[in-house]
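Trainee: Numbering (my numbering), first residue to last: 8 to 119.
Beta carbons: idealized from backbone N, C-alpha and C, even for Gly.
All figures in this text were calculated on a predicted structure; none of them were measured in a lab.
After the structure tokens below, expect a handful of questions from me.
Encoded structure:
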């Protein structure tokens with residue numbers, strides 16, 4: 008099993024979600040996060056005063072998929088989440104040793 012964590016722009020969520028559902032991904036977890044990478048924040052104007060925003064709002068999407076589905080899922084996230092502008096995000100890929108469904112006790116791929 009593979010865990011894919013993607014940091015994406017909030018307005019791209021619908022596109023990414025639809026792309027993953029079209030592949031057959033059965034579940035996902037979403038968290039609202041703030042952070043910065045190479046773009047290092049930006050300057051905004053509020054009531055005539057400038058202030059520096061260090062942490063940009065993003066979404067952290069987590070999915071766990073079977074090994075054979077991982078390359079397609081990563082590509083779907085990359086394509087659907089891309090705007091071509093700075094701050095599009097990152098995708099992190101990890102190996103999952105096991106998963107256990109609490110309700111039934113199923114483990115492995117049956118648990119996801």
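Could you pull out every unbroken beta strand (DSSP E) segment of at least 3 residues lying fully inside the segment 10 to 42, listed in chain order?
Mentor: Segments of the beta strand (DSSP E) lying fully in the segment 10 to 42: 36 to 42.
Trainee: Counting only beta-carbon separations shorter than 8 Å, does residue 118 have a partner in chain B?
Mentor: Within the model displayed, chain B is absent; a lone protein chain is all it includes.
Trainee: Excluding the 5 residues flanking residue 107 on each side, which residues of the same chain have their C-beta closer than 6 Å to its C-beta?
Mentor: The sequence position of residue 107 within the chain shown is 100, counting from 1. Only 114 and 118 meet the Cβ criterion.
Trainee: Short check: CB of residue 71 to CB of residue 8, under 8 Å?
Mentor: Position 64 of the chain shown holds residue 71. Position 1 of the chain shown holds residue 8. Against a cut-off of 8 Å, the Cβ pair of residue 8 and residue 71 comes out as a contact.
Trainee: Taking Cβ to Cβ, would you say residue 80 is nearer than 8 Å to residue 15?
Mentor: Mapped onto the chain shown, residue 80 falls at position 73. Mapped onto the chain shown, residue 15 falls at position 8. Not a contact, by the Cβ cut-off of 8 Å.
Trainee: Label residue 56 either buried or exposed according to how many other C-beta atoms from any shown protein chain fall within 10 Å of its C-beta, with 16 as the threshold for buried.
Mentor: If you number the chain shown from 1, residue 56 lands on position 49. Exposed.
Trainee: Taking all protein chains shown into account, decide if residue 122 is buried (16 or more other Cβ within 10 angstroms of its Cβ) or exposed.
Mentor: Since the first residue of the chain shown is 8 and the last is 119, residue 122 is not available in this structure.
Trainee: So, is residue 68 buried or exposed, given that buried needs 16 or more other C-beta atoms within 10 angstroms?
Mentor: Start at 1 with the first residue of the chain shown, and residue 68 comes out as number 61. The residue in question, residue 68, is buried, as its Cβ has 16 or more Cβ neighbours within 10 Å.
Trainee: Any idea if residue 31 is buried or exposed, counting beta-carbon neighbours within 10 angstroms, 16 or more meaning buried?
Mentor: Along the chain shown, one-based indexing puts residue 31 at 24. Exposed is the call here.
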